[in-house]
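Peer 1:
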């Protein structure tokens, strides 16, 4: 079994981490984005299907392309974030399964059931978005995940002619602590969990 993380590491990843709404004017390098992916790709997905595809929007032109799809409440924090990751799912993820899952014919599980393919891709890309957030935090970055956007507009702007469909957005950068809201409560174990 792996060794437990230190309290400081747990604070970085979970208890002290916050959803950021404001950003310091500090760029995130393309090399750092590669480091983020190099970490997050190791998170498990069912049958190693790895359906997430990410567009790291980091240029003024890219942000303008994204602008029409963002809800008014999310616009400013998205336009000022150094990077906005569009986490999408590949509706044809199963085409890569012969390489990603060579233990059997996993591709046929999904080619024979479009509903199962969609459910699997969406669920696992959501899981991979969580790995993205944890990888960012592990590398000293802050995040602001959001779902307040028009998926159809994002897909038309970034994924026309591809099998990709947007799932959620994650703003990435170095957060401005002055722009944080008060810490919101979470459900207790008793409110959220059961033992069977």
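Residue numbers (the numbering used here): 209 to 404.
Glycine included, C-beta positions come from ideal geometry on N, C-alpha and C.
So, are the CB atoms of residue 296 and residue 372 less than 9 Å apart?
Peer 2: Yes, these two residues count as a Cβ contact at 9 Å.
Peer 1: What would DSSP say about residue 270, mapped onto helix, strand or coil?
Peer 2: Correct three-state label for residue 270: helix.
Peer 1: So what does DSSP say about residue 349, is it helix, strand or coil?
Peer 2: If DSSP states are grouped into helix, strand and coil, residue 349 belongs with coil.
Peer 1: For residue 264, which residues from the same chain have a beta carbon less than 7 Å from its beta carbon, with the 5 sequence-adjacent residues on both sides left out?
Peer 2: 241, 291, 293.
Peer 1: Could you check whether residue 356 and residue 231 sit closer than 9 Å to each other, using their CB atoms as the reference points?
Peer 2: No, Cβ-Cβ distance for residue 231 and residue 356 is not below 9 Å.
Peer 1: Can you confirm whether the segment 360-371 touches the segment 385-397 when touching is taken to mean that 3 or more C-beta pairs between the two stretches lie within less than 8 Å?
Peer 2: Contact fails: fewer than three Cβ-Cβ distances are below 8 Å.
Peer 1: Roughly how many whole angstroms lie between the Cα atoms of residue 335 and residue 211?
Peer 2: Between residue 335 and residue 211, the C-alpha separation is close to 23 Å.
Peer 1: Look at the Cβ atom of residue 354, then the Cβ atom of residue 286, and state whether they are nearer than 9 Å.
Peer 2: Cβ distance < 9 Å, so residue 354 and residue 286 count as in contact.
Peer 1: Would you tell me roughly how many angstroms separate the C-alpha atoms of residue 288 and residue 305, rounded to the nearest one?
Peer 2: Near 37 Å, if we compare the C-alpha coordinates of residue 305 and residue 288.
Peer 1: If you draw a straight line from the C-alpha of residue 333 to the C-alpha of residue 258, how long is it?
Peer 2: The straight-line gap from Cα to Cα measures roughly 7 Å.
Peer 1: Assuming residue 221 and residue 346 make a contact with CB atoms under 8 Å, what is their CB distance in whole Å?
Peer 2: About 7 Å; that satisfies the 8 Å criterion.
Peer 1: Please go through the same chain and pick out, in chain order, the residues whose beta-carbon is closer than 7 Å to the beta-carbon of residue 279, but skip the five residues on each side of it.
Peer 2: Taken in chain order, the residues that qualify are 356, 357.
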